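In the working numbering, the protein residues as written are 2 to 518.
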Amino acid sequence: MIILRLQVIKREQRQKNTTSKMVTSDRNMLLNYVPVYVMLPLGVVTVDNVFGDPNGLKERLLKLRATDVDGVMVDVWWGIVELKGPKQYDWSAYRSLFQLVQECGLKLQAIMSFHQCGGNVGDVVNIPIPQWVLDIGESDPDIFYTNRSGTRNKEYLSIGVDDEPIFHGRTAIEIYSDYMKSFRENMSDFLESGLIIDIEVGLGPAGELRYPSYPQSQGWEFPGIGEFQCYDKYLKADYKEAVVSAGHPEWELPDDAGQYNDEPESSGFFKSNGTYVTEKGKFFLTWYSNKLLNHGDQILDEANKAFLGSKVKLAIKVSGIHWWYKVENHAAELTAGYYNLNDRDGYRPIARMLSRHHAILNFTCLEMRDSEQSSKAKSAPEELVQQVLSGGWREDILVAGENALPRYDSTAYNQIILNARPQGVNKNGPPKIKMFGVTYLRLSDDLLQQSNYDTFKKFVLKMHADQGYCEDPQNYNDAITPLKPSAPKIPIEVLLEATKPIPPFPWLPETDMKIDG
Numbered sequence: 002m003i004i005l006r007l008q009v010i011k012r013e014q015r016q017k018n019t020t021s022k023m024v025t026s027d028r029n030m031l032l033n034y035v036p037v038y039v040m041l042p043l044g045v046v047t048v049d050n051v052f053g054d055p056n057g058l059k060e061r062l063l064k065l066r067a068t069d070v071d072g073v074m075v076d077v078w079w080g081i082v083e084l085k086g087p088k089q090y091d092w093s094a095y096r097s098l099f100q101l102v103q104e105c106g107l108k109l110q111a112i113m114s115f116h117q118c119g120g121n122v123g124d125v126v127n128i129p130i131p132q133w134v135l136d137i138g139e140s141d142p143d144i145f146y147t148n149r150s151g152t153r154n155k156e157y158l159s160i161g162v163d164d165e166p167i168f169h170g171r172t173a174i175e176i177y178s179d180y181m182k183s184f185r186e187n188m189s190d191f192l193e194s195g196l197i198i199d200i201e202v203g204l205g206p207a208g209e210l211r212y213p214s215y216p217q218s219q220g221w222e223f224p225g226i227g228e229f230q231c232y233d234k235y236l237k238a239d240y241k242e243a244v245v246s247a248g249h250p251e252w253e254l255p256d257d258a259g260q261y262n263d264e265p266e267s268s269g270f271f272k273s274n275g276t277y278v279t280e281k282g283k284f285f286l287t288w289y290s291n292k293l294l295n296h297g298d299q300i301l302d303e304a305n306k307a308f309l310g311s312k313v314k315l316a317i318k319v320s321g322i323h324w325w326y327k328v329e330n331h332a333a334e335l336t337a338g339y340y341n342l343n344d345r346d347g348y349r350p351i352a353r354m355l356s357r358h359h360a361i362l363n364f365t366c367l368e369m370r371d372s373e374q375s376s377k378a379k380s381a382p383e384e385l386v387q388q389v390l391s392g393g394w395r396e397d398i399l400v401a402g403e404n405a406l407p408r409y410d411s412t413a414y415n416q417i418i419l420n421a422r423p424q425g426v427n428k429n430g431p432p433k434i435k436m437f438g439v440t441y442l443r444l445s446d447d448l449l450q451q452s453n454y455d456t457f458k459k460f461v462l463k464m465h466a467d468q469g470y471c472e473d474p475q476n477y478n479d480a481i482t483p484l485k486p487s488a489p490k491i492p493i494e495v496l497l498e499a500t501k502p503i504p505p506f507p508w509l510p511e512t513d514m515k516i517d518g
């Protein structure tokens, strides 16, 4: 009876939407459609692996569905599913959740969340990584990212243990691979039915391909430059091997890069003509950022094998580190592992790596404008977004994005719409460039408050280019086809050719589809 009633509600909503707008017939405008997803609350499945409030969530999902959004995104936490021991997976709560999402007529983006929830901006619940992994860390704390002063970070396993078989005989990469294979086996019906359209592979803290360089849990505050996180014994040994091979055994890891809340000029590493521009500094930054590239590449190889043939897209998230972007050293980006300078593109090599896996680059801070930022942070989110998205399009990959912080105002929504279609709509066919999708953070009581809800509905309509909900992505040129095998590995030298800066695509000064006129 519940399913039947939901189907009736959905049919009535669709009829109502179509009747009120009567705009779904313009095929050319439909080619400008950018789908919108909404991130579900962090604790929708509790730390004890319970789907806590299905009735409450159903009510909110149906209200969300009435805005014409295309779907939702949810973290599938490693620390919940593999909690009880190695390979002891329990997917039952997530299966119940996915069933409800399907009944509410929404598509699903699933994040393979191999990180801890808690300790980052917006984290309101605490979900650690599995206890049996933390137990290994008690006797070998170097499995965790470590800063120069020796402080460990338990958010995510260090890249240094990617290939170390120290987790009851498995490497970290094998743990992630087994988890994704188990997800596919246990969610095969949802994959086959077309409910799950996107698998975002977590690659670091907050699910992002980066080092945990700015942890609030260790006292970092905006706009601190952060700290390098490569002082565990595994990464130290890796670096030692690298400098010996390069003929510079005397080079050590940086000891002059300052502390979390410093400004760039106060450190020997980042100051004008500091260590970062020396041969030694360049070698370190190349090694540090290449480790991230290889980490993402390896895990996406495993993700591709796990989901091969499924009708899904793979995706990864890259963090929008917009502070200190306007200074020459880009210090906050560098400590996070993005070796991005005015004369070196730190993001296009990531896009080139993704190209062989047919993967999407999902970028944050789409809502931010330069004028809203503190002048002391030397922040430039607009230029950063333009650089990263353009780099993705230049490498011929799909690009998606999300807002960094909750916003409910037309200014923020208009900025997201502008970034989704930087050159506006094309009334005669597909636009030259457009994003593959946008995920809004996140479903909350504030979002569903009536005035915010009404504004959000207008946002969805404009993202859809004034068209009603379109169920089949093929109608807006984004057909989801069976996942193909990854192409052969791209040599690091070829990836690094993409560090050559290329001007971004031109952006309109403001969107041509404002939600407020």
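Heads up, the beta-carbon is just placed ideally off N, CA and C, and yes, glycines get one too.
Please read these numbers as outputs of a predicted model, since none were measured by experiment.
Would you call the region 72-84 and the region 470-486 touching, i.e. three or more CB-CB distances under 8 angstroms?
no
How should Arg12 be labelled, buried or exposed, when 16 other C-beta atoms within 10 angstroms of its C-beta is the threshold for buried?
As a first step, residue 12 is located in the sequence shown; it is residue number 11 there, counting from the start. With a pLDDT of 43 at Arg12, under the threshold of 50, the modelled position of this residue cannot be trusted; read the value that follows with caution. Arg12 is exposed by the Cβ-count criterion.
Assigned secondary structure, Lys458 (DSSP; H/G/I helix, E/B strand, else coil):
Counted from its first residue, the sequence shown places residue 458 at position 457. DSSP places Lys458 in helix when its eight states are reduced to three.
If you run the structure through DSSP and keep just helix, strand and coil, what is Tyr277?
To locate residue 277, count along the sequence shown from 1; it is residue 276. Helix.
Helix or strand or just coil, what does DSSP make of Tyr441?
For this step, residue 441 is matched to residue 440 along the sequence shown. Here Tyr441 sits in strand by DSSP.
I'd like the list of long-range same chain contacts for Ser356, defined as Cβ closer than 7 angstroms, with 5 residues on each side in sequence excluded.
Taking the sequence shown and counting its residues from 1, the one referred to as residue 356 is at position 355. Closer than 7 angstroms at the Cβ level, and outside the excluded window around Ser356, lie Glu396, Asp397 and Ile398.
Buried or exposed, going by whether 16 or more other CB atoms sit within 10 Å of the CB of Asp513?
On the sequence shown, residue 513 is found 512 positions in, with the first residue counted as 1. It counts as exposed.
Out of Ile167, Ser268, Val202 and Phe168, point me to the one whose CA is closest to Phe184's CA.
The sequence position of residue 184 within the sequence shown is 183, counting from 1. It is Val202 whose Cα lies nearest to the Cα of Phe184.
Start-to-end residues for the beta strand (DSSP E) that takes in Asn415:
Within the sequence shown, the letter at position 414 stands for residue 415. Premise fails: Asn415 lies in the alpha helix (DSSP H), Ser411 to Ala421, not in any beta strand (DSSP E).
Within the same chain, show all residues whose beta-carbon is closer than 6 angstroms to that of Gly161, passing over the 5 residues directly before and after it, in chain order.
In the sequence shown, the residue the question calls residue 161 occupies position 160. For Gly161, where only same-chain residues beyond five positions count, the Cβ hits under 6 angstroms are Asp233, Tyr235 and Leu236.
For Val24, does the three-state DSSP call read helix, strand or coil?
Taking the first residue of the sequence shown as position 1, residue 24 is located at position 23. In this predicted model, Val24 has a pLDDT of only 46, less than 50, meaning its place in the structure is not dependable enough to derive any value.
Give me the residue from Asp69, Gln424 and Val46 with the minimum Cα distance to Thr456.
To locate residue 456, count along the sequence shown from 1; it is residue 455. Of Asp69, Gln424 and Val46, the residue nearest in Cα terms is Asp69.
Buried or exposed by the 16-neighbour rule on C-beta atoms within 10 Å, applied to Gly310:
As a first step, residue 310 is located in the sequence shown; it is residue number 309 there, counting from the start. Under this definition Gly310 is an exposed residue.
Taking all protein chains shown into account, do 16 or more other C-beta atoms lie within 10 angstroms of the C-beta of Thr440, making it buried, or fewer, making it exposed?
Against the sequence shown, residue 440 aligns to sequence position 439. Burial call: buried.
Go through its chain and collect everything with a Cβ distance to Tyr339's Cβ below 6 angstroms, but skip five positions before and after it.
Looking up residue 339 in the sequence shown gives position 338. Excluding residues within five positions, the ones whose Cβ falls inside 6 angstroms are Gly347.
Distance, Ala352 Cα to Gln387 Cα
Along the sequence shown, one-based indexing puts residue 387 at 386. Along the sequence shown, one-based indexing puts residue 352 at 351. The alpha-carbon atoms of Gln387 and Ala352 are separated by roughly 14 angstroms.
Name, in chain order, the residues that DSSP records as bridge partners for Tyr240.
Translated into the one-based positions of the sequence shown, residue 240 becomes position 239. For Tyr240, which the question treats as bridged, DSSP gives no partner whatsoever.
DSSP-derived helix/strand/coil call for Ala67
Position 66 of the sequence shown, counting from 1, holds the residue named residue 67. Coil.
In the DSSP assignment, the beta strand (DSSP E) including Leu362 goes from what residue to what residue?
Sequence index remark: in the sequence shown, residue 362 carries index 361 (1-based). Its beta strand (DSSP E) spans residues Ala360 to Phe364.
Flag this pair as yes or no: are the beta carbons of His323 and Gly205 separated by less than 9 angstroms?
Taking the sequence shown and counting its residues from 1, one reaches residue 323 at position 322. Taking the sequence shown and counting its residues from 1, one reaches residue 205 at position 204. It is not a contact, given that the beta carbons lie outside the stated cut-off.
Determine the closest residue to Ser1 out of Leu406, Pro510, Ala332 and Ser114, with distance taken between C-alpha atoms.
The question about residue 1 has no answer, for the chain in this structure spans 2 to 518.
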